[in-house]
Amino acid sequence: MQFIWTVAWRLLREGRFQSVLILSGVTLGVAVVVYITAIVNGLQANLINKTLSTQAHIVLRPADEDNRAVVNQAWVLSDVQKRTQRERTLRDWTASRDLALATPEVKHSAALASGPAFAVKGGVRKSVSLMGVELDDYQRIVPLQEKLRAGRLALPNGSVMIGVELAEDLGLKVGDRLRFDAGGDREESFTISGILDFGLKDLNRRWVLLPLRAAQSLLGHPLEITELYLTVDDLFHADQTALRVAARTGLKAESWIESNAQLMTALRSQRASSTMIRVFVMIAVAFGIASVLVVSVVQRQREIGILRAMGTPSSRIMWIFLLQGGMVGLVGSAAGSLLGAAIASGFSRLAAQPDGTPLFPVDLSPELFISTALTATLVGVLSALAPARRAARLDPVEAIRYG
Amino acid sequence: MANVLELQAIRKQYGGGNAPIVEVLHGIDFSLQEGEFVALTGPSGSGKSTLLNLMGLLERPSQGELLIAEQATSPLDDNQRTALRNRYLGFVFQFHHLLPAFSAMENVLMPMFAGQGKRTRAMEERALFLLERVGLAAHAHKKPVQLSGGQQQRVAIVRALANQPRLVLADEPTGNLDSQTADEVFQLMRSINQQDGVTFLIVTHDPRLAARTDREINLVDGQIARDIHQPI
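Going down the list, the sequences are from chains V and P. Under numbering that gives the first Met the number 0, the first sequence has 76 at position 77, and the numbering climbs by one with no breaks. Under numbering that gives the first Met the number 0, the second sequence has 83 at position 84, and the numbering climbs by one with no breaks.
Have a look at this one:
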């Protein structure tokens with residue numbers, strides 16, 4: 000081993016120009032890979048994060064109500080219209096919740112009683128979406144801490160939290176009273192305990208968070224809920240988990256992947272194209288390493304011949320060049336990782352928002368560097384394979400005579 | 000006395016396939032005894048280099064058997080031949096062929112290092128001892144380019160001795176040295192031969208040099224023309 004290391008290192012060090020050339024190639028290649036990966040991963044994580052900051056991973060709703068054919072089975076119906084789905088509720092929802100939570104991949108759950116209402120203030124009626132929640136449960140699904148703009152994060156009896164746009168439209172501040180009309184003579188006044196920014200104007204205008212009990216009675220179905228929100232361990236398999244939960248509970252389960260199908264498609268194609276770029280860059284790097292090593296084998300023919308003549312086994316000659324490939328890959332990946340990381344963080348600083356915070360964080364995780372180093376080293380060894388075999392097979396007589 | 004090397008009816012052919020077959024050596028028989036100091040002479044094209052490569056286990060004969068330390072070499076595979084070469088044989092080439100990336104001392108210990116795969120203190124001590132013997136201890140850490148031609152060839156000679164070989168094969172060892180340096184290098188080999196009892200086979204086309212050896216084997220057209228033990 001020591002012999003292989005020593006000779007591999009000395010030959011690299013002695014062939015300075017070639018070594019610098021080959022190392023710069025690997026460094027640049029790895030830098031491109033690290034840069035692209037960091038940017039794309041950061042961008043995607045940020046997009047998913049933003050998307051999921053107001054959504055559950057899986058939403059459970061009552062199963063659709065289907066029309067039952069009243070005609071004879073022998074008839075063929077030319078057109079069956081789906082019936083209008085009434086606002087349906089989950090009656091015995093604690094059982095469904097327990098079933099859902101018993102699914103291994105499901106982490107948290109939160110019950111929601113939601114429905115339409117008007118917010119009434121000084122003769123102005125604004126259409127809003129009442130969302131009755133147990134605040135602690137709900138926060139495990141939709142974190143509210145950083146969304147709070149005024150007041151506090153609490154929903155004591157008789158209080159609501161509203162979005163910033165609604166507060167502005169109606170001229171409301173924390174502590175003010177607001178009346179909600181849910182139709183059918185069901186009206187109630189609440190005190191505003193907090194004002195939230197959900198990140199989307201439309202949501203800020205419509206969403207009203209209130210205690211679950213209050214929402215249930217205002218919407219006219221005490222003890223019943225409309226949705227169960229769930230979070231899962233593995234975001235990207237939420238669709239499969241949804242199928243399992245649906246099967247267990249008999250409810251309709253929709254994952255965030257289905258409700259954001261376009262986003263997912265965009266993310267997937269972005270990921271695929273960045274993978275393509277990375278693969279081709281690594282192939283180019285491999286060709287670079289291989290071609291420089293081939294030249295180096297030819298140039299060092301005579302030295303290889305001498306080493307063989309003095310009794311160096313050909314397997315050791317082969318390992319010398321494999322090791323050189325590995326060394327170049329490893330050292331190049333270290334330098335390339337630094338360079339790529341520097342460019343990526345430079346870019347994220349350049350693409351900053353007006354307030355100076357980056358538009359999205361670049362993902363410079365240790366896993367990225369470790370996997371890049373491993374890949375580059377492997378690519379180095381593999382691309383050294385052909386030159387190394389060539390070196391091992393050199394006929395010492397010819398190598399010494401003509402080298 | 001024991002045979003260090005024995006050639007039995009060695010033939011070597013090249014070519015085959017589309018190329019015409021050329022026989023370079025037509026049945027060579029001789030043996031080298033321990034402690035001999037032998038010159039192999041002959042005009043260019045007589046097969047000297049081929050014979051040297053066969054004796055150095057760098058090539059295989061087409062026919063015949065070659066024994067090293069009384070061991071037949073034809074049944075051995077390449078790795079075994081490499082190991083045998085490492086233990087029993089030393090090489091000195093015409094153009095000294097030191098490894099430029101390594102110091103004089105490292106060049107000398109290289110046959111030991113290459114054979115065993117790891118470097119030990121004992122190897123370094125032996126390398127330094129050998130360099131001291133040829134008056135180059137002070138240059139032990141210099142790279143080959145920093146040494147003169149004669150110094151390089153002396154390093155190459157002690158490198159051949161690193162593994163305490165039974166036989167040193169030297170291919171025109173003084174070929175590109177001026178006559179005074181050539182004489183010094185020749186004297187060095189002679190003294191090693193006399194002190195250590197290492198067998199030397201020196202390929203040369205310098206008749207004055209050949210005349211100063213114990214035995215001259217003269218090769219003409221792939222056959223031994225003369226094999227004379229010379230009185231000193």
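Cβ coordinates follow ideal geometry from the N, Cα and C atoms, glycine included.
Shown here for A62/V: same chain residues with a beta carbon closer than 7 Å to its own, the five before and five after excluded, namely G249, L250, K251 in chain order. Cβ proximity to chain V below 7 Å picks out M109, P110, F112, A113, G114, G116, K117, R118 from the region 103–126 of chain P. At a cut-off of 7 Å, the C-beta of A100/P has a neighbouring C-beta in chain V. Collapsing the DSSP output to three states places K81/V in coil. Of all residues in the region 288–308 of chain V, those with a C-beta nearer than 7 Å to a C-beta of chain P are R301, E302, I305, L306, A308, reading in chain order. In the DSSP annotation of this structure, the continuous segment of the alpha helix (DSSP H) that includes S23/V starts and ends at 15–51.
Assignment of beta strand (DSSP E) within the region 64–99 of chain P, counting only whole runs of 3 or more residues, yields 88–91 in chain order. One thing to note: G41/V has its Cβ within 7 Å of the Cβ of P360/V. Judged by DSSP in its simplified three-state form, R185/V adopts coil rather than helix or strand.
Counting C-beta atoms within 10 angstroms of its own C-beta, T119/P has fewer than 16 neighbours from the protein chains shown and is therefore classed as exposed. Per the DSSP secondary-structure output, G15/P pairs in a beta bridge with A18/P. Of all residues in the region 16–29 of chain V, none has a C-beta nearer than 9 Å to a C-beta of chain P.
Taking 7 Å as the Cβ-Cβ cut-off, the region 164–186 of chain P has no residue approaching chain V. Bounds of the beta strand (DSSP E) holding M160/V are 158–162. With contacts defined by Cβ atoms closer than 7 Å, M122/P and L135/P do not form a contacting pair. Think of a sphere of 8 Å around the beta carbon of G55/P: the chain V residues whose beta carbon falls inside it are A308, in chain order. Distance from the Cα of L200/P is smallest, within the candidate group V91/P, G63/P, P110/P, I27/P, for V91/P. Among the bridge pairs identified by DSSP, K141/P is matched with none. Bounds of the alpha helix (DSSP H) holding D201/V are 200–205. Judged by their CB atoms, S108/V and R96/V are nearer to each other than the 7 Å cut-off.
For the 7 Å CB-CB criterion, E69/P and S30/P do not form a contact.
Around the Cβ of P365/V, a 10 Å sphere holds fewer than 16 other Cβ atoms; the residue is exposed.
Residue-level contact by beta carbon fails for Q323/V and chain P, as no gap is shorter than 7 Å. Of all residues in the region 192–210 of chain P, none has a C-beta nearer than 9 Å to a C-beta of chain V. The three-state secondary structure of K47/P, taken from DSSP, is helix.
Of the residues E215/P, T49/P, G149/P, the one whose Cα lies closest to the Cα of Q186/P is G149/P. Interface annotation, R84/P: in contact with chain V, CB-CB separation under 7 Å. In this structure, the beta-carbon distance from V184/P to V157/P does not fall below 7 Å. With fewer than 16 other CB atoms across the displayed protein chains lying within 10 angstroms of its CB, S314/V is exposed.
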